[in-house]
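K.L.:
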Amino acid sequence: MTPSVSVERVGGEGEPIVVIDNFAPDPDALVDAAAAITLAAAGEFYPGPRAPAPPEYFAQVGGLVAAAVRKVFGYHDHLAVDRALFSLATTDPADLSLAQRIPHVDSVEPGRIAIVHYLSRTDFGGTRFFRHRATGFETIDAVRHRAYLDALAAEFATQGEPPPGYISTDSPLFETIATVPPTWNRAILYRSGLLHCAAIPNDIELPADARTGRLTIASFLTAR
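Residues in the sequence shown are numbered consecutively from 21, following our numbering.
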């Protein structure tokens with residue numbers, strides 16, 4: 021099927037989110053590839069195991085990505101793939117770390133773009149974007165980073181840490197500015213400094229199986 025590209029600007033800062041449906045030419049082959057390898061825990065931020073996506077992945081989707089990066093984000097001179105990871109969300113809500121219970125950014129550096137490619141036919145939740153209520157920040161860059169961390173620390177000290185669970189809606193600290201629902205073979209592109217998290221419901225089972233679980237490919241790019 022032919023890829024379909026749309027752009028939504030979100031929040032008060034008007035940051036663009038690119039939505040590309042029918043993203044990869046053979047998404048079933050990607051699921052097969054994920055099911056054939058071992059995914060392993062990869063740090064405290066992602067709530068489940070990961071593994072590198074196949075090298076040919078960006079040979080298949082790179083043209084679409086480059087066009088979106090040029091047209092929407094305005095980068096024309098350089099585009100490099102830093103990482104592309106199969107990611108399978110499996111962590112029980114009660115077992116999430118603090119970092120997994122609040123929105124996050126992937127980078128505070130300029131020219132960083134993130135991609136989430138949904139590879140499940142079951143709706144396990146898409147991606148949600150947030151505004152931090154106390155600061156009003158929807159994006160975090162190097163200039164805002166310290167002020168944001170200090171504000172969070174002060175809130176945790178006075179209000180306590182968020183309770184166990186995925187962030188499924190607004191919270192006392194964060195307000196939803198947009199939610200992108202998951203669709204089979206949909207990809208979204210956004211600047212890595214946008215506050216976001218996986219919009220996973222807390223009342224569903226998360227299978228530890230690439231064929232039946234919440235499988236995505238998360239990619240991180242550098243552009244200028």
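Even glycine gets a Cβ: it sits at the ideal position worked out from N, Cα and C.
1) Quick one: which unbroken beta strand (DSSP E) runs of 3-plus residues sit fully inside the region 82-157? Chain order, please.
2) Say whether the region 196-214 touches the region 102-121, bearing in mind that this needs 3 or more beta-carbon pairs closer than 8 Å, one atom from each stretch.
3) Quick one: using the 10 Å Cβ neighbour count with 16 as the cut-off for buried, is residue 158 buried or exposed?
4) Are the beta-carbon atoms belonging to residue 57 and residue 136 less than 9 Å from one another?
5) Per the DSSP calculation, residue 214 is bridged to which residue(s)?
6) If I follow the unbroken beta strand (DSSP E) through residue 235, where does it start and stop?
7) Check residue 78 in the structure and name its three-state DSSP category.
8) Taking only three categories from DSSP, how would you classify residue 43?
9) For residue 193, which of 124, 210, 23 and 89 has the nearest alpha-carbon?
10) CB residue 32 to CB residue 156, shorter than 9 Å?
11) Given a cut-off of 9 Å on the beta-carbon distance, is the pair residue 60 and residue 70 in contact?
12) Starting from residue 189, trace the beta strand (DSSP E) both ways and give me its first and last residue.
13) Excluding the five sequence neighbours on either side, which residues of its own chain have a C-beta within less than 8 Å of the C-beta of residue 215, listed in chain order?
14) Taking only three categories from DSSP, how would you classify residue 65?
15) If we count Cβ pairs, one from each stretch, closer than 8 Å, do we get three or more for the region 220-229 versus the region 86-97?
16) Output the distance between the C-alpha atoms of residue 191 and residue 183, rounded to the nearest integer angstrom.
17) Verify whether the separation of the beta carbon atoms of residue 67 and residue 139 is less than 9 Å.
18) Give me the Cα-Cα distance between residue 22 and residue 86, rounded to the nearest whole angstrom.
19) To the nearest angstrom, report how far apart residue 73 and residue 237 are at their CA atoms.
20) Can you find the residues in the same chain that come closer than 7 Å, C-beta to C-beta, to residue 243, ignoring five residues on each side of it along the sequence?
21) Cutting at 6 Å between CB atoms, please list the residues of its own chain near residue 164, excluding the five before and the five after it.
P.N.:
According to the data block:
1) 99-109, 132-138 and 147-152
2) no
3) Residue 158 should be labelled buried.
4) No.
5) 159
6) 234-243
7) Reduced to three states, the DSSP call for residue 78 is helix.
8) Three-state result, residue 43: coil.
9) 124
10) Less than 9 Å divides the Cβ of residue 32 from the Cβ of residue 156.
11) yes
12) Counting along the chain, residue 189 falls outside any beta strand (DSSP E), and DSSP gives it neither H nor E.
13) The answer, listed in chain order, is 123, 124, 125, 149, 150, 151, 152, 157, 158, 159, 160 and 194.
14) coil
15) No, the region 220-229 does not touch the region 86-97.
16) 10 Å
17) no
18) 17 Å
19) 7 Å
20) Answer for residue 243: 89, 93, 95, 98, 99, 131 and 133, listed in chain order.
21) The residues are 157.
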